[in-house]
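K.L.:
As given, the protein sequences belong to chains B and P, one line each in that order.
If you read the first sequence in the working numbering, its first letter stands for residue 1, the second for the next number, and so on.
If you read the second sequence in the working numbering, its first letter stands for residue 1, the second for the next number, and so on.
Idealized CB from N, CA, C, for every residue including glycine.
2 protein chains.
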Amino acid sequence: MPEAKGLEVGKIVVVFEPEGKKIVVKSGATILEAAKNAGVGIRSECGGEGICGKCKVIVKNPLAISELTEAEKRHLSKLEIDSGYRLACQAHIKQSVVIVVPPESRIGERKIQVAGLERYVPLNPLVKKIHVVMAKPTLSDVRPDFERLIDHLRDRNGFEDLEIDYELLKKLPDIIRSKNWAVTVTIWDDRKLIDIEPGDTSNELFGFAVDIGTSKIVGYLVDLTTGKTISIGSIENPQIMHGEDIITRIGFATGSDSNLEVLQKLVINGINQVIHEACRKAKVNPNKIYEATVVGNTAMLHFFLAIQPRYLALSPFVPAIKKSLNIKAKNLGLKINPRGNVHVLPVIAGFVGADAVADVLSTGILESNEVSLLIDIGTNTEVFVGNSEDMITCSCASGPAFEGAHIKHGMKAVTGAIEKVRIISEDEVEYEVIGGVKPTGICGSAMIDIIAEMFKQGIIDSRGRFNLKIKTPRLRKNNKWTEFVVAWGDETATGKEITVTQRDINEILLAKAAIYTGCSILMKRRNVKEEDIDRVYIAGAFGSYINPENAKIIGLIPDIPTRKIEFVGNTAITGAKMALISKEMREKANLISKKVRYLELTMDPDFSKEFVNALFIPNRNINRFPTVKKLLKRLRKN
Amino acid sequence: MPEAKGLEVGKIVVVFEPEGKKIVVKSGATILEAAKNAGVGIRSECGGEGICGKCKVIVKNPLAISELTEAEKRHLSKLEIDSGYRLACQAHIKQSVVIVVPPESRIGERKIQVAGLERYVPLNPLVKKIHVVMAKPTLSDVRPDFERLIDHLRDRNGFEDLEIDYELLKKLPDIIRSKNWAVTVTIWDDRKLIDIEPGDTSNELFGFAVDIGTSKIVGYLVDLTTGKTISIGSIENPQIMHGEDIITRIGFATGSDSNLEVLQKLVINGINQVIHEACRKAKVNPNKIYEATVVGNTAMLHFFLAIQPRYLALSPFVPAIKKSLNIKAKNLGLKINPRGNVHVLPVIAGFVGADAVADVLSTGILESNEVSLLIDIGTNTEVFVGNSEDMITCSCASGPAFEGAHIKHGMKAVTGAIEKVRIISEDEVEYEVIGGVKPTGICGSAMIDIIAEMFKQGIIDSRGRFNLKIKTPRLRKNNKWTEFVVAWGDETATGKEITVTQRDINEILLAKAAIYTGCSILMKRRNVKEEDIDRVYIAGAFGSYINPENAKIIGLIPDIPTRKIEFVGNTAITGAKMALISKEMREKANLISKKVRYLELTMDPDFSKEFVNALFIPNRNINRFPTVKKLLKRLRKN
């Protein structure tokens, strides 16, 4: 074993327990980096910034590791420190060491994508704090309190025509006098006073970015004096009790007058929990959060705002409003500063929401001359094609098949799900399971692999139909269905076989056809071909785990070189954060909402033809997938 | 009796019961006009416009009177009409008739000044209603509801960048569809949608103007499609239970945290009663009132808004805010449309409030080239001097003596108060009593008369001291005081004499000295003399009842020809109404607040000297009162 030898020649070897996985690292690597290289899944929601505190590991020989950082002191209790706990992202390896990864730090349960591509933007938040020391009133200077304050802010800081929140005005006379006419004012959008505190509190200025997903709520607590995310919170969307999908929830919401309020309360309570969690971790008083930015799909935003969502589910599917909104936190019940502003980002259409606007914002595709294709895969998949000159978008009803729904052994990407598959031959199948346990089912990314691999092996044809001429125990037919065995009973957690049926394949083909049709029609209407596309962005939690080659083989995405493909993760939350820390980005979001043209896919004259073509693997029009065509030619030759 | 004869020669005689007062009138005179000429006090808060409905009388021979008007049908019940009730201001006299004035219609209790000078201003309210019939959404026109509406309002009506109230947005999708995409929108200030109703309701657009007086709240319900006041409501300010004067109420307000809220609730409940009364009379749904304008002195506005008023009572007496405010009705609890706007007019200083701004607005003195002197007499008297070029103001601590406080037999201007006095000689005194009953005391206007008349008769000297050389049973001295008998015991309601004491005179002289000092110092600082003043406006309820000649004799107001003096009544409420129906007037109010210079009277180097001079009758510097000087010369010659 090279590792064993390594000890002798001065190499640093890290052993991860309980698996016993070993890896050689360079001095100074973090435990998290070592774990990644070793294929050991350690939770790290903040991406290794020392913020989330989720990557706790136990170090067997502490002297082999760098000293405790401030972040570690913040996240670890005394008892944990004494027991050898460290944060994997903070601890640097100096010598060979044995690391125990405790169950709570393993990538388990759902793979929550809380991080995404984040472009650098200059810090320019809408909320500002300014420390002010005013001249006291005298009989020869009887200016009222408010005018005294705004005169000062005009003369010294250049603010014109400042307004004041009425609730704040009530308290102004007492606050202004409580520390001898020295106060810190919080100003929103250079025009409204939303807080006044005695003394100097100008370093306590925070913001909160929220992504309301259909299944997950993620929040970033951001220090607005630095623009840095200082902690993260997340929670399952509590509305799930009233339906996993949007349409079920809209049905519930329209069931009675109070139901919509129920949904609103659930999501607001959920967000409040996320705020509480993030504030607790970073030891921040939620009252010092003066602004929140909120993204989500159009329906989620209707629920969040308790706006009648009924018509989102009825043709022609129009939302109540498109533009961004600013609402006082108190009026929504959001537990930040009650006079803080809640900025809801704009949407584009009934099924292209503020989360998609945030995707465009994060990736910067509307500011670029390069032609981009952006795909945010979900139950509804949003697709964008274009550049700074012109961009169009559509929503594809891809359905929940990639989430495991309507798939016989389908499941979400949680512990026990097969997430990657390689079919070596008709008889030999390799797979990886989330959490490294025995499998219980198959998640979406593996379904793509399986279909691509079966197609390459000739187990299915271009229509997705099983080739029953192939003789293998894995492929079998009973009265009800034909299926392919991915995992034998003795390999699985349940003892039962995990298979893929003909119907499962059809479901996935429907889903991928919907997404591809969106891409192809937008490309047609935008008048670009595959070779014209400079960059492909795959956004969303699911997208980050798919194999791009296999995605092309099954015809899920256009045939564009993989080097042009970028997996950008949860760009909804990073877009929300960008709009939080930068006024310019917020204006760009509004521009995106206005400028991007929405195309109602089902109204396109080519929709049916394109969709039917896309039901083939990779497509009935194989010439649109030249690299797949070439691959097939080579495979079939063998 | 000429009246008796009149019947024979075709004259029309009106007899008022129960007094039996008779008067000859011309055909076509209203009962109200006849009553005024006969000296019969009938309530008429609207000034005879058929709006207030307070002048109900019973006509004994209905055929002698013109037919019922629409206003009468509105104000009188069927039972009342059958009983012969009419409104005195509406009913025209055709033949001799007997009229019974029922107790409730007599000028009784307090003389409430609800009307004031009202300049014509072109109608241009901030709230507008627009009937809209939109194109329905289709699959090829999927604009969201809000954008569909504002696109229409932009294209057809020229509104740009309209916002929408969040609470309204929630209901938008349902409302917009309930009458087939036909709605009526209410827009505030050409920028915010505050109401949307199905169908066409564009003729139901009302506003409400409120004057919060220290003792009285008056409200005008205004039809904003015509600019006409359609009904009036008034009530005692319910805060009186926590103090008759401002300083006592500020003391209460600062006594505990909740006390200020108590005061706010009282005044808001009071205003809501006034709104309710006015709406009931005019049969208007308060939800159709979309804006209210509010004036009041600075302290009343602090109470109304629950802004800490403590510092108004402490030197240097600065208010919390000067500029006007716009607050959503719901946030104040005002019972108009919950999304309606409450506009609080700006103030000038701690003791020159929005009511004084409204005085200036009503009289138009800041827009005129004429030099004006405006005096709004009250416990605090506001004085303005200047014209469109430059205007200055001050507040004079005139105190409550004119309201009857600190005066031995002083009382407010209510039934039973002596309100006018003429002293024929040392022994002979004539007086008029409010309500025509036996007197119980003396109100402020009569105190001015008494002092002026006693001075003319030489009963008091220029220092206000009784001339004890005059031998008359009316002037007498006991151990404690010297006094002059105004009414003998057998003339009064109580059977006790009503007198004026040396101390009463001193109190009035202090009050008038304060007011005159304000006038004289402002004139000095504005560099104008009596002859430079083109017009004098006396505003306020009290002012309307004073005898201007006597006011000059005692030196309450500068010696300016009476033809230049105008009594303008409650210009606070008419100013509030003007700001309600005209955006330009609202801007003018803001201009008044900014442009009028405030002078802190007690800081003026000449204040003490001027004040001491003003304690004399009319003034130690008699040359400032040339007409009084001339009058005295003539009198003393006799």
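By alpha-carbon positions, which one of P/L205, P/L509, P/C519, P/A514 ends up nearest to P/D559?
P.N.:
Counting from 1 along the second sequence, the entry for residue 559 of chain P is found at position 559. Closest option to P/D559, Cα to Cα, is P/C519.
K.L.:
Less than 9 Å between CB atoms is the rule here; does B/E109 satisfy it with respect to chain P?
P.N.:
Translated into positions along the first sequence, residue 109 of chain B becomes position 109. Low local confidence applies: a pLDDT of 44 at B/E109 is under 50, so the model's placement there is unreliable, with the coordinate-based value given in what follows. No, because no Cβ of chain P sits closer than 9 Å to the Cβ of B/E109.
K.L.:
For B/E426 and B/K480, what's the separation of their Cα atoms in angstroms?
P.N.:
Start at 1 with the first residue of the first sequence, and residue 426 of chain B comes out as number 426. Start at 1 with the first residue of the first sequence, and residue 480 of chain B comes out as number 480. Approximately 22 Å between the Cα atoms of the pair.
K.L.:
How long is the line joining the alpha carbons of P/E610 and P/N623, rounded to whole angstroms?
P.N.:
Walking along the second sequence from the start, residue 610 of chain P turns up at place 610. Walking along the second sequence from the start, residue 623 of chain P turns up at place 623. Rounded to whole angstroms, P/E610 to P/N623 spans 14 Å at the Cα level.
K.L.:
With P/S608 as the anchor, note down where its beta strand (DSSP E) starts and where it stops.
P.N.:
Counted from its first residue, the second sequence places residue 608 of chain P at position 608. First-last for P/S608: 607-614, but that is the alpha helix (DSSP H), not the beta strand (DSSP E).
K.L.:
Quick one: what's got a C-beta closer than 7 Å to P/N157's C-beta in the same chain, skipping five residues either side?
P.N.:
As a working note, residue 157 of chain P is residue 157 in the second sequence. I130.
K.L.:
For the candidate residues B/V40, B/K456, B/L123, B/T184, whose alpha-carbon lies nearest to that of B/I99?
P.N.:
Position 99 of the first sequence, counted from the start, is the residue given in the question as residue 99 of chain B. Selected option, being the one with the closest Cα: B/V40.
K.L.:
Going by beta-carbon coordinates alone, are B/I533 and B/V385 separated by less than 9 Å?
P.N.:
Residue mapping note: residue 533 of chain B aligns to position 533 of the first sequence, counting from 1. Residue mapping note: residue 385 of chain B aligns to position 385 of the first sequence, counting from 1. A contact, by the Cβ cut-off of 9 Å.
K.L.:
Who are the Cβ neighbours of B/K216 in its own chain at under 7 Å, not counting the five residues just before and after it?
P.N.:
Residue 216 of chain B sits at position 216 when you count from the first residue of the first sequence. Same-chain partners within the cutoff: I112, S234, E236, N237.
K.L.:
Determine which residues share a DSSP beta bridge with P/S395 and list them.
P.N.:
In the second sequence, residue 395 of chain P corresponds to position 395, counting from 1. P/E382.
K.L.:
Around the C-beta of B/F625, are 16 or more other C-beta atoms found within 10 angstroms, so that it is buried, or is it exposed?
P.N.:
Mapped onto the first sequence, residue 625 of chain B falls at position 625. Buried, by the Cβ-count rule.
K.L.:
9 Å is my cut-off, CB to CB: does P/T186 come that close to chain B?
P.N.:
The count along the second sequence starts at 1 and reaches residue 186 of chain P at position 186. Closer than 9 Å: no.
K.L.:
Please list the terminal residues of the continuous beta strand (DSSP E) segment that includes B/L209.
P.N.:
On the first sequence, position 209 is the one that residue 209 of chain B refers to. Looking at the sequence provided, one finds Ala at residue 209 of chain B rather than Leu. Run containing B/A209: 206-212, per the beta strand (DSSP E) assignment.
K.L.:
Please list the terminal residues of the continuous beta strand (DSSP E) segment that includes B/P173.
P.N.:
Translated into the one-based positions of the first sequence, residue 173 of chain B becomes position 173. Counting along the chain, B/P173 falls outside any beta strand (DSSP E), though it belongs to the alpha helix (DSSP H) covering 166-178.
K.L.:
Taking CB distances under 9 Å as the criterion, tell me whether B/I112 reaches chain P.
P.N.:
Residue numbering aside, residue 112 of chain B sits at position 112 when the first sequence is read from its first letter. Caution applies to B/I112, whose pLDDT of 47 falls short of 50 and renders its modelled position unreliable; the model cannot decide the point.
K.L.:
Have a look at P/F206 and P/G340 and give me their C-alpha separation to the nearest angstrom.
P.N.:
Locating residue 206 of chain P in the second sequence gives position 206, where the first residue counts as 1. Locating residue 340 of chain P in the second sequence gives position 340, where the first residue counts as 1. Going from the Cα of P/F206 to the Cα of P/G340 covers about 11 Å.
K.L.:
Since P/S593 and P/P346 should fall inside the 8 Å C-beta cutoff, what is the C-beta to C-beta distance between them, to a whole number of angstroms?
P.N.:
Counted from its first residue, the second sequence places residue 593 of chain P at position 593. Counted from its first residue, the second sequence places residue 346 of chain P at position 346. The Cβ separation is near 3 Å, so the contact holds.
K.L.:
Between the beta-carbon of P/T527 and the beta-carbon of P/D449, is there less than 9 Å?
P.N.:
Position 527 of the second sequence holds residue 527 of chain P. Position 449 of the second sequence holds residue 449 of chain P. A small correction: the amino acid at residue 527 of chain P is Asn; Thr does not occupy that position in the sequence shown. It is not a contact, given that the beta carbons lie outside the stated cut-off.
K.L.:
On a CA-only basis, which of B/L475, B/L601, B/G436, B/I442 is nearest B/I42? Give me that one, please.
P.N.:
Along the first sequence, one-based indexing puts residue 42 of chain B at 42. Among B/L475, B/L601, B/G436, B/I442, the Cα nearest to that of B/I42 is on B/G436.
K.L.:
Nearest by alpha-carbon distance to P/G495: which of P/G540, P/T482, P/C443, P/G416 is it?
P.N.:
In the second sequence, residue 495 of chain P corresponds to position 495, counting from 1. Of P/G540, P/T482, P/C443, P/G416, the residue nearest in Cα terms is P/G416.
K.L.:
Which of the three DSSP states is assigned to P/K128 in this structure?
P.N.:
Taking the second sequence and counting its residues from 1, one reaches residue 128 of chain P at position 128. In this structure, P/K128 counts as strand in the three-state DSSP scheme.
K.L.:
Please confirm whether B/D145 has its beta-carbon closer than 9 Å to some beta-carbon of chain P.
P.N.:
Position 145 of the first sequence, counting from 1, holds the residue named residue 145 of chain B. So yes, B/D145 belongs to the interface.
K.L.:
Could you list which residues in chain B have their beta carbon closer than 9 Å to that of P/M603, in chain order?
P.N.:
Locating residue 603 of chain P in the second sequence gives position 603, where the first residue counts as 1. Per Cβ cutoff of 9 Å: L139, S140.
K.L.:
Per DSSP, what are the beta-bridge partners of P/T501 in this structure?
P.N.:
Mapped onto the second sequence, residue 501 of chain P falls at position 501. Its beta-bridge partners are P/E483.
K.L.:
Which value, in whole angstroms, describes the spacing of the CA atoms of P/I538 and P/L374?
P.N.:
As a position in the second sequence, residue 538 of chain P is number 538, starting the count at 1. As a position in the second sequence, residue 374 of chain P is number 374, starting the count at 1. Roughly 6 Å between the two C-alpha positions.
K.L.:
Please name the residues in the region 171-195 of chain B whose beta-carbon is closer than 8 Å to at least one beta-carbon of chain P, in chain order.
P.N.:
Hits within the stretch, in order: K171, L172, P173, D174, R177.
K.L.:
How many angstroms separate the CA atom of P/E8 from the CA atom of P/I51?
P.N.:
Sequence index remark: in the second sequence, residue 8 of chain P carries index 8 (1-based). Sequence index remark: in the second sequence, residue 51 of chain P carries index 51 (1-based). Confidence in P/E8 is poor, its pLDDT being 41 and thus under 50, which makes the residue's placement unreliable; the coordinate value appears in the next sentence. Taking the straight line from one Cα to the other gives about 37 Å.
K.L.:
Going by DSSP, what residue range makes up the beta strand (DSSP E) through B/G233?
P.N.:
In the first sequence, counting from the first residue as 1, residue 233 of chain B sits at position 233. Counting along the chain, the beta strand (DSSP E) containing B/G233 begins and ends at 228-236.
K.L.:
Checking contacts by CB at 9 Å: is B/F317 closer than that to chain P?
P.N.:
Position 317 of the first sequence, counting from 1, holds the residue named residue 317 of chain B. It does: the Cβ of B/F317 has a partner Cβ on chain P nearer than 9 Å.
K.L.:
Which of the three DSSP states is assigned to P/Y290 in this structure?
P.N.:
In the second sequence, counting from the first residue as 1, residue 290 of chain P sits at position 290. In this structure, P/Y290 counts as strand in the three-state DSSP scheme.
K.L.:
For P/E72, which of helix, strand or coil comes out of DSSP?
P.N.:
The count along the second sequence starts at 1 and reaches residue 72 of chain P at position 72. If DSSP states are grouped into helix, strand and coil, P/E72 belongs with the helices.
K.L.:
Take P/K512 as the anchor and find which of P/I557, P/I565, P/V318 has the nearest alpha-carbon.
P.N.:
Taking the first residue of the second sequence as 1, we reach residue 512 of chain P at position 512. Checked all of P/I557, P/I565, P/V318; the closest Cα to P/K512 is P/I557.
K.L.:
With 9 Å set as the bound, which would you pick, yes or no: does the beta-carbon of B/Y598 sit closer than that to a beta-carbon of chain P?
P.N.:
Working through the first sequence from its first residue, we reach residue 598 of chain B at position 598. Closer than 9 Å: yes.
K.L.:
Please compile the residues from chain B whose C-beta is within a distance smaller than 8 Å of the C-beta of P/Q308.
P.N.:
Numbered from 1 along the second sequence, position 308 holds the residue referred to as residue 308 of chain P. Under the 8 Å cutoff, chain B gives K170, K171, L172, P173, D174.
K.L.:
Going along the chain, which residues of its own chain have a beta-carbon closer than 7 Å to the beta-carbon of B/E530, five neighbours each way excluded?
P.N.:
Along the first sequence, one-based indexing puts residue 530 of chain B at 530. Once the five neighbours on either side are set aside, the close Cβ partners of B/E530 are P558, D559, I560.
K.L.:
For P/M241, count the other beta carbons within 10 Å of its own beta carbon; 16 or more makes it buried, fewer makes it exposed. Which is it?
P.N.:
Working through the second sequence from its first residue, we reach residue 241 of chain P at position 241. So P/M241 counts as exposed.
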